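K.L.:
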Amino acid sequence: MANLLYVGQQIADDLADQIYDNLERYKAGDFLDLEAKGDWRIPLSIEADTAALSKLKQNKSPESETENSLLVGSIFNKMTPTLARENRVWLRLSHIECIAYSRQRWLNLNDKDGELVKDVRKHFFAPTLTGCRDDHAISRLWWNHHIAKQILPENPERALKVILARADIRLNFLERPGLAARPKLGRGIVSALERSNELLKQEDLFRKFMTTLNLSGAGIAFEVWNSDAIDKFMDRCLADAVKS
Amino acid sequence: MRVKPFTSFPHPVLAGYTGDYGDRIFSLLMEIEEEPDQGAVLLQGNAVIDDPTITLLIESGRAKLGLMIYCQDTYLDQLVECPLGEIKLNLSGGRVRGTVHVRGVVVVAQDGLTLDSKHIVDEFPLDARTARAGDFIALTEELSFEAGLEKLAPLESIFRLKKSDEIQEGQFQLNLDSESIEILAHPSLYDVLHSLREQATMKDLLLPSLYLPVVMSVLDAMRSDEYADKRWHGVISARCNAEGIDVKNVELEAVAQKFLDTPMKWLKTVVERMN
């Protein structure tokens, strides 16, 4: 366990401005020489076992995404949502501790340099809300876990398994925060996905289900409903989605 | 969830925009205390409901008074139940960052509730005066504030003056594709600007002569989302949000002068210093 580190603002700015110049490092090298002499080691007050990040699995299966999200959520369990939006924390991890994972998972080394520069910018930097939540190699895993824990605090793994079962399910959870960020509703959606194999497997049906839920649930404070009432509401939305 | 402004409901709703309860009001008076460097945010205040039937519904548990808190940046979307009277809500512990929306609401807690206030306007027939569990029956206006350190970042932290041989003599250009706003100046102009910046009596002259047009151009560029992933964009956006400024609907010169704290005043000051 050691204090979590982040990089200075000038380092972050320079890295973002010099992706092309550093492309060989991203393809096959590292940034350890720069890290040794620059402003790369500003300690935060929270501790984390970053050595455990070596257990990250590099394949793209939903199972690996789930395991990786649980691992990152566990390593950075002291991190707050505010801190988890800080580009300079994630930037250090993707350039130092997790450079091999980030490269293997998100870069196609057969791509032309122009494409690689775009992918490096997308997956090694986390400057915006969507960049941090959806794209950065490591921060997206933390946010997966955070969202799952918000929905099912006692069993985030259960929520992760359905949220990450397909890319479009995760996308719907994130792009409709008015539904899925509300713990009771998020729990209802997870439960509906667990109860209906069709909903879990069929992208088109899930899209219609979420659209129906969005329309039918507008203006209702589900927070005062019990879980049975929410499950029945989800079932009605699913039935309407099947008919549409 | 956020209830969109002017959302209509089939039942009466006590809200400023509906007029369903005549001149009755439901308002939320809140003060926000923030220590951004500590991640501490405390909301304190009270809700005023001047329809006694709604107050009675809350007191009897048939309806709940709450605050809807929405912060997209931290994926926070909660309805927090509050007591009548003084409200205190602690959002510390790194729970909010960026724009936070807060709205006071009264939500029905059981089905088949009859709304029988004498203040409900006559246009509502009796059969429309019922509400189900989860229905909103009172809404305050939405309050917003900007949480976090970004809004406090000094503007000078996002500008970088650079020499460029590619710029015509006596001129400068902006490069907004970088993380900082790069002011690229012809070498001879760069020397002049750099020299001014180093002189305590003269450096303020740069505010009206250089930074005012630069900030206006930057604000203009922010009217599209092209640069949203740049650090400078985040800093200026946070400041705009904190001051309730929508860059798409403002006079650029007015906002730029506000951000630079009336820069033209330095012309007089510098002249007086020289004399």
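Going down the list, the protein sequences come from chains E and A.
This note's numbering applies: residue 6 is where the first sequence begins, and numbers increase by one.
This note's numbering applies: residue -1 is where the second sequence begins, and numbers increase by one.
For every residue, glycine included, the Cβ atom is placed at its ideal position computed from N, Cα and C.
This one's a predicted model, so the numbers in the text were calculated from it and none came from an experiment.
Could you tell me how far apart the beta carbons of Asp236(E) and Gly183(E) are, in whole angstroms, since I believe they sit closer than 8 angstroms?
P.N.:
Here residue 236(E) corresponds to residue number 231 of the first sequence, with the count starting at 1. Here residue 183(E) corresponds to residue number 178 of the first sequence, with the count starting at 1. No, Asp236(E) and Gly183(E) are not in contact; Cβ-Cβ is about 20 angstroms, not under 8 angstroms.
K.L.:
Which same chain residues, not among the five before or five after Glu329(A), have their C-beta less than 8 angstroms away from its C-beta?
P.N.:
Nothing can be reported for residue 329(A), as the shown portion of chain A is limited to -1 through 273.
K.L.:
Are the beta-carbon atoms belonging to Gln42(A) and Lys2(A) less than 8 angstroms from one another?
P.N.:
Here residue 42(A) corresponds to residue number 44 of the second sequence, with the count starting at 1. Here residue 2(A) corresponds to residue number 4 of the second sequence, with the count starting at 1. No, these two residues do not count as a Cβ contact at 8 angstroms.
K.L.:
Against Thr216(E), what residues of chain A qualify as contacts under a CB-to-CB distance less than 7 angstroms, listed in chain order?
P.N.:
Translated into positions along the first sequence, residue 216(E) becomes position 211. Near Thr216(E) there are no residues of chain A at all, since even the closest Cβ is about 16 angstroms away, more than 7 angstroms.
K.L.:
Taking 8 angstroms as the limit between beta carbons, can you name the residues of its chain near Lys189(E), skipping five residues before and five after?
P.N.:
Start at 1 with the first residue of the first sequence, and residue 189(E) comes out as number 184. So the list reads Phe227, Glu228, Trp230, Ser232, Ile235, once near-sequence residues are dropped.
K.L.:
Out of Glu224(A), Leu77(A), Ile234(A), which one is the CA nearest neighbour of Leu147(A)?
P.N.:
Residue 147(A) sits at position 149 when you count from the first residue of the second sequence. Measuring from the Cα of Leu147(A), the nearest candidate turns out to be Ile234(A).
K.L.:
Could you check if Ala56(E) is buried or exposed, using at least 16 other CB atoms within 10 Å of its CB as the buried criterion?
P.N.:
If you number the first sequence from 1, residue 56(E) lands on position 51. So Ala56(E) counts as exposed.
K.L.:
On a CA-only basis, which of Glu203(E), Leu218(E), Ile174(E), Ile225(E) is nearest Asp245(E)? Give me that one, please.
P.N.:
The sequence position of residue 245(E) within the first sequence is 240, counting from 1. If we check each option's Cα against that of Asp245(E), Leu218(E) comes out closest.
K.L.:
Please state whether the Cβ-Cβ distance between Phe211(E) and Cys242(E) is less than 8 angstroms.
P.N.:
One-based indexing of the first sequence puts residue 211(E) at position 206. One-based indexing of the first sequence puts residue 242(E) at position 237. No, they are not a contact pair.
K.L.:
For Ser50(E), which of helix, strand or coil comes out of DSSP?
P.N.:
For the purposes of this step, residue 50(E) is taken as residue 45 along the first sequence, with counting starting at 1. Three-state result, Ser50(E): strand.
K.L.:
Give a yes or no on whether the minimum CB-CB distance between Glu52(E) and chain A is below 8 angstroms.
P.N.:
Here the question's residue 52(E) lines up with position 47 in the first sequence. Chain A, which has no Cβ nearer than 8 angstroms to the Cβ of Glu52(E), makes this no.
K.L.:
Do we get a CB-CB distance below 8 angstroms when we pair Leu275(A) with the residues of chain E?
P.N.:
Since the first and last residues shown for chain A are -1 and 273, residue 275(A) lies out of range.
K.L.:
Spell out whether any CB of chain E is found under 8 angstroms from the CB atom of Tyr225(A).
P.N.:
Taking the second sequence and counting its residues from 1, one reaches residue 225(A) at position 227. Cβ-Cβ to chain E under 8 angstroms: no for Tyr225(A).
K.L.:
Within the 8 angstroms Cβ cut-off, does Leu88(E) reach chain A?
P.N.:
Numbered from 1 along the first sequence, position 83 holds the residue referred to as residue 88(E). Yes, because at least one Cβ of chain A sits closer than 8 angstroms to the Cβ of Leu88(E).
K.L.:
Quick check on Tyr68(A): does DSSP put it in helix, strand or coil?
P.N.:
As a first step, residue 68(A) must be located in the second sequence, where it is residue number 70. If DSSP states are grouped into helix, strand and coil, Tyr68(A) belongs with the strands.
K.L.:
Any idea if Leu220(E) is buried or exposed, counting beta-carbon neighbours within 10 angstroms, 16 or more meaning buried?
P.N.:
For the purposes of this step, residue 220(E) is identified with residue 215 of the first sequence, where counting begins at 1. Answer is exposed; the Cβ neighbour count stays below 16.
K.L.:
How long is the line joining the alpha carbons of Glu251(A) and Arg271(A), rounded to whole angstroms?
P.N.:
As a working mapping, residue 251(A) is identified with position 253 in the second sequence. As a working mapping, residue 271(A) is identified with position 273 in the second sequence. Whole-angstrom Cα-Cα distance: 26 angstroms.
K.L.:
Around the Cβ of Tyr106(E), are there at least 16 other Cβ atoms within 10 angstroms (buried) or fewer (exposed)?
P.N.:
In the first sequence, residue 106(E) corresponds to position 101, counting from 1. Answer is buried; the Cβ neighbour count reaches 16.
K.L.:
Does the beta carbon of Ala136(A) come closer than 8 angstroms to any beta carbon on chain E?
P.N.:
Mapped onto the second sequence, residue 136(A) falls at position 138. By this cut-off, Ala136(A) is not an interface position.
K.L.:
For Asn8(E), write down the residues that DSSP places opposite it in a beta bridge.
P.N.:
Your numbering for residue 8(E) matches position 3 in the first sequence. BP columns for Asn8(E) point to Glu52(E).
K.L.:
Just the Cα atoms here: how many angstroms apart are Gln207(E) and Leu176(E)?
P.N.:
The residue given as residue 207(E) occupies position 202 in the first sequence. The residue given as residue 176(E) occupies position 171 in the first sequence. Using only the alpha carbons, I get a separation of about 15 angstroms.
K.L.:
Taking the Cβ atom as the reference point for each residue, do Val12(E) and Trp45(E) lie within a distance shorter than 8 angstroms?
P.N.:
Walking along the first sequence from the start, residue 12(E) turns up at place 7. Walking along the first sequence from the start, residue 45(E) turns up at place 40. Yes, the pair counts as a contact, with Cβ atoms nearer than the cut-off.
K.L.:
Can you give me, in chain order, the residues of the region 153 to 177 of chain A that have a beta carbon less than 7 angstroms from any beta carbon in chain E?
P.N.:
Going along the region 153 to 177 of chain A in chain order, one finds Ser176, Glu177 with a Cβ nearer than 7 angstroms to chain E.
K.L.:
If contacts are defined as beta-carbon pairs under 8 angstroms, then Thr128(A) and Leu111(A) qualify, I think. What distance do you get, rounded to the angstrom?
P.N.:
For this step, residue 128(A) is matched to residue 130 along the second sequence. For this step, residue 111(A) is matched to residue 113 along the second sequence. About 6 angstroms separates the two Cβ atoms, so the contact holds.
K.L.:
Output needed for Lys246(A): all residues of its chain with C-beta closer than 7 angstroms, excluding positions within five of it in sequence on either side, in chain order.
P.N.:
As a working note, residue 246(A) is residue 248 in the second sequence. Arg221, listed in sequence order.
K.L.:
What residue range is occupied by the uninterrupted beta strand (DSSP E) comprising Ile181(A)?
P.N.:
Translated into positions along the second sequence, residue 181(A) becomes position 183. Residues 179 to 183.
K.L.:
On a Cα-Cα basis, can you pick out the residue from Arg138(E), Gln155(E), Arg110(E), Asp35(E) that is closest to Trp4(E)?
P.N.:
Outside the displayed range of chain E (6 to 249) lies residue 4(E), so it cannot be described from this structure.
K.L.:
Which residues, in chain order, does the region 121 to 136 of chain A contribute to contact with chain E at a C-beta distance below 9 angstroms?
P.N.:
So the close ones are Arg130, Ala131, Gly132, Asp133, Phe134.
K.L.:
By the DSSP assignment, the alpha helix (DSSP H) with Met28(A) in it spans what residues?
P.N.:
Residue mapping note: residue 28(A) aligns to position 30 of the second sequence, counting from 1. Where Met28(A) is concerned, there is no enclosing alpha helix (DSSP H), although the beta strand (DSSP E) it sits in stretches over 24 to 33.
K.L.:
Fully enclosed by the region 62 to 147 of chain E, which beta strand (DSSP E) runs are 3 residues long or longer?
P.N.:
As far as the region 62 to 147 of chain E is concerned, it has no whole beta strand (DSSP E) run of at least 3 residues.
K.L.:
DSSP state of Val119(A), grouped into three classes?
P.N.:
Here residue 119(A) refers to the residue found at position 121 of the second sequence. Reduced to three states, the DSSP call for Val119(A) is coil.
K.L.:
Going along the chain, which unbroken runs of the beta strand (DSSP E) with 3 or more residues stay wholly within the region 80 to 163 of chain A?
P.N.:
Runs found: 84 to 88, 96 to 106, 134 to 145, 157 to 161.
K.L.:
Run the CB neighbour count on Asn115(E), radius 10 Å, all protein chains shown included, and call it buried at 16 or more, exposed below.
P.N.:
Here residue 115(E) is taken as the residue at index 110 of the first sequence, counted from 1. Classification for Asn115(E): exposed.
K.L.:
Got a sec: does the ligand NAD put a non-hydrogen atom nearer than 7 angstroms to the Cβ of Ala129(A)?
P.N.:
Here there are no bound small molecules, and the ligand NAD is not part of this structure.
K.L.:
By the criterion of Cβ-Cβ separation under 9 angstroms, what are the contact partners of Arg229(A) in chain E?
P.N.:
For the purposes of this step, residue 229(A) is taken as residue 231 along the second sequence, with counting starting at 1. Those within 9 angstroms of Arg229(A) in chain E are Gln14, Ala17, Asp18, Ala21, Asn92, Pro132.
K.L.:
Nearest chain A C-beta to His250(E) closer than 8 angstroms, yes or no?
P.N.:
Coverage of chain E is limited to positions 6 through 249, which leaves residue 250(E) absent and any answer about it impossible.
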